[in-house]
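Colleague: One structure, as structure tokens, below. Some questions next.
Protein chains: 2
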Amino acid sequence: MKLSPDWVVGFVDGEGCFFVGIQRNPAVKIGLQVIPEFRVVQHYRDLDVLHALKKFFGFGRVCQNHDDRWEFRVRRLEQLRTITNFFAQHPLRTKKRVDHHKFSDVLRIMEEGRHLTTEGLSEIARIATTMNTGSRPRLAALLDEDRVHSCVKAPEEK
Amino acid sequence: MKLSPDWVVGFVDGEGCFFVGIQRNPAVKIGLQVIPEFRVVQHYRDLDVLHALKKFFGFGRVCQNHDDRWEFRVRRLEQLRTITNFFAQHPLRTKKRVDHHKFSDVLRIMEEGRHLTTEGLSEIARIATTMNTGSRPRLAALLDEDRVHSCVKAPEEK
Chain U
1 MKLSPDWVVG FVDGEGCFFV GIQRNPAVKI GLQVIPEFRV VQHYRDLDVL HALKKFFGFG
61 RVCQNHDDRW EFRVRRLEQL RTITNFFAQH PLRTKKRVDH HKFSDVLRIM EEGRHLTTEG
121 LSEIARIATT MNTGSRPRLA ALLDEDRVHS CVKAPEEK
Chain Z
1001 MKLSPDWVVG FVDGEGCFFV GIQRNPAVKI GLQVIPEFRV VQHYRDLDVL HALKKFFGFG
1061 RVCQNHDDRW EFRVRRLEQL RTITNFFAQH PLRTKKRVDH HKFSDVLRIM EEGRHLTTEG
1121 LSEIARIATT MNTGSRPRLA ALLDEDRVHS CVKAPEEK
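Heads up: the protein sequence lines correspond to chains U and Z, in order. Last residue of the first sequence: number 158 in our numbering, and the count goes up by one each step with no gaps. Last residue of the second sequence: number 1158 in our numbering, and the count goes up by one each step with no gaps.
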């Protein structure tokens, strides 16, 4: 199945998701890891469309999301930048383009290595809570914890 | 906002719905009315995309679905045929194309006026129950009622 750029834009306007996860990870110096992700979730019956997306971009992974839902997923920073560059050249038509811009901002912070600083992480967290539906109770809870508070809200130690 | 055919196909692959409703209507001789419908539902924030779809096809209605959900909707038979002709020329890539074919079959039965016969209505009902997710409990219940049973399952009276 060969996809055209415009079809991909239309499909992602409907089904795509630019997501910025922030997870605890003791292995990371700052204690929190930023995991940006682009994904398209479909029912198993449309697995071939997910593989066609993987072929279209030339990278990414097709794996199970949960139950009968599968996803095309991209997590590597340089590949995500290729994705955002594609949508910069072929703009989304829905308000998802706002998420695309915010996602691109998060990637920039990571490319500059600032996600490893409290200031940069705090900036990413602020952006992430306004993305998608804007409702991120788990992220908000994470940011409300004292430990995380001191991490993302305190000024960076010199 | 100007949309390209490929974008429309991609977006409908994600968000479109070919639906065949069957409703009780005493004003109709056979007691049941077939209401085929093509719709694309979006959050209110993407109302401009729904209007762009209306402009693209040159017909249809943009109206509230429920709460903050709005829809681009087409119900007129000749306009629905224009829609199915468009997707015949620009094929859907997901399994939604199967629904598109079934929907087109329902339109053909209606164009031939056979939806006004018990045989035709029965055929439409059989097609409708296999469309979308294939789970149509309300339609199944409707078809299970004695009155409807006799309507859609009994041979047509001469």
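Beta carbons are placed, not taken as given, at the ideal position from N, Cα and C, and that holds for glycine. For clarity, every value in this text was computed on a predicted model and none was experimentally measured.
Quick one: what does DSSP say ILE1083 (chain Z) is sitting in, helix, strand or coil?
Modeller: Per DSSP, reduced to three states, the secondary structure at ILE1083 (chain Z) is helical.
Colleague: Near ARG39 (chain U), which residues of its chain fall below 6 Å by C-beta distance, leaving aside the five closest residues on each side in sequence?
Modeller: CYS17, GLU71, ARG73
Colleague: For GLY1060 (chain Z), tell me which candidate among Z:GLU1078, Z:HIS1115, Z:PHE1103 has the shortest Cα-Cα distance.
Modeller: Z:GLU1078
Colleague: Since MET131 (chain U) contacts LYS102 (chain U) with CB under 8 Å, what's their CB separation in whole angstroms?
Modeller: That pair is a contact at about 5 Å.
Colleague: Give, in chain order, every residue of the segment 1057-1073 of chain Z whose Cβ lies closer than 8 Å to some Cβ of chain U.
Modeller: Within the segment 1057-1073 of chain Z, no residue has a Cβ that lies closer than 8 Å to any Cβ of chain U.
Colleague: Assign GLU1042 (chain Z) to one of two classes, buried (16 or more other C-beta atoms within 10 Å of its C-beta) or exposed (fewer than that).
Modeller: In the sequence as presented, Glu is not what sits at residue 1042 (chain Z); that position holds Gln. Per the 10 Å Cβ criterion, buried.
Colleague: Which residues in the same chain as GLU1111 (chain Z) place their Cβ atom closer than 8 Å to its Cβ, once the five residues preceding and following it in sequence are excluded?
Modeller: LEU1077, ARG1081
Colleague: Tell whether a beta-carbon distance below 7 Å holds between HIS159 (chain U) and VAL9 (chain U).
Modeller: Since the displayed chain U opens at 1 and closes at 158, residue 159 (chain U) lies outside it and no answer follows.
Colleague: Taking ASP46 (chain U) as the query, report the chain Z residues whose CB atoms sit under 7 Å from its CB, ordered along the chain.
Modeller: Chain order gives the chain Z residues near ASP46 (chain U) as THR1094, LYS1095, where near means a beta carbon separation below 7 Å.
Colleague: I'd like the ranges of any beta strand (DSSP E) spanning at least 3 consecutive residues and lying wholly in the segment 1025-1066 of chain Z.
Modeller: 1032-1043, 1061-1066
Colleague: Measure the beta-carbon distance from VAL1020 (chain Z) to PRO1036 (chain Z) and round it to whole angstroms, keeping in mind my assumption that it falls under 8 Å.
Modeller: 5 Å
Colleague: Any residues in the segment 1007-1018 of chain Z with a beta carbon nearer than 8 Å to a beta carbon of chain U? Which ones, in chain order?
Modeller: So the close ones are TRP1007, VAL1008, VAL1009, GLY1010, PHE1011, VAL1012, ASP1013, GLY1014, GLU1015.
Colleague: Closest by CA to ILE1083 (chain Z), which one among Z:ASN1065, Z:ASP1067, Z:SER1104, Z:GLN1064?
Modeller: Z:SER1104
Colleague: For the beta strand (DSSP E) that GLU71 (chain U) lies in, which residues bound it at each end?
Modeller: 69-74
Colleague: Is there a Cβ of chain Z sitting closer than 7 Å to that of VAL49 (chain U), yes or no?
Modeller: yes
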